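Report on the following structure.
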Amino acid sequence: MSDSKRIMADKAELLELEKGFWTGDAAYYAANADTECLVAFPRMAQAMDNADLAKTATKPNRWRDLDIELKGIIEPGSDIVMLTYEAHATRDNGEPYAALVSTGYVHRANGWKMMFHSQTPIEAAAAM
């Protein structure tokens, strides 16, 4: 595909999508995740379908005081974008959390959809 037909990702739009995945509910996940999504967390790594991924957005796992510092963004294809950032947030129970996060999006007819998501807690990364 020529560069003139490339879909140019809007950083602000992608960061808003990311914030929604931290704070949104199951309906948000269902609307903004792709049909399948590859996820990698310290205790879970697998491909998940949209419905199963949406079920992970339960109230005890929601976040507040979210701060995202974008570290990099690339567009390896005309309809794919990858971003990486450092996130700091607080769980509803007051527990602080910090992680290095990478997310991949694919552009579908109805917008950007998350197709990859990985989190590495910063404490775990620092211990290596």
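In terms of full-length UniProt numbering, the sequence shown is residues 1 to 128.
Cβ coordinates follow ideal geometry from the N, Cα and C atoms, glycine included.
As the structure is a computational prediction, the values presented were derived from the model and not from experiment.
Rounded C-beta distance between residue i and residue j? I'm assuming under 8 Å.
i       : j       : result
Ala-47  : Glu-36  : 6 Å
Thr-103 : Glu-16  : The pair is not a contact, with the Cβ atoms about 12 Å apart (cut-off 8 Å).
Ile-80  : Leu-100 : Rounded, the Cβ-Cβ distance is 20 Å, inconsistent with contact.
Leu-38  : Trp-112 : No, Leu-38 and Trp-112 are not in contact; Cβ-Cβ is about 16 Å, not under 8 Å.
Asp-25  : Arg-64  : The Cβ separation is near 14 Å, so there is no contact.
Residue i lies in the alpha helix (DSSP H); which residues open and close that run?
i      : result
Ala-31 : 26–32
Ala-12 : 11–23
Count the other CB atoms within 10 Å of the CB of residue i; is the residue buried (16 or more) or exposed (fewer)?
i       : result
Met-44  : exposed
Ala-51  : exposed
Pro-42  : exposed
Leu-83  : buried
Ala-33  : buried
Lys-114 : Checking the displayed sequence, the identity of residue 114 turns out to be Met instead of Lys. Buried: at least 16 other Cβ atoms inside 10 Å.
Ala-40  : exposed
Leu-53  : buried
Ala-57  : buried
Ala-89  : buried
Ala-12  : exposed
Ala-87  : buried
Ala-9   : buried
Go ahead and pull the three-state DSSP assignment for residue i.
i      : result
Thr-56 : coil
Can you tell me where the beta strand (DSSP E) holding residue i begins and where it ends?
i      : result
Ala-47 : 44–49
Under 8 Å, Cβ to Cβ, is there at least one residue of chain D near residue i?
i       : result
Lys-113 : Absent from the structure is chain D; it holds one protein chain and no more.
So within the stretch 59–124, which uninterrupted beta strand (DSSP E) runs reach at least 3 residues, ignoring any that extend past its ends?
Counting whole runs of 3 or more residues, the stretch 59–124 contains the beta strand (DSSP E) stretches 63–77, 80–91, 96–108, 111–121.
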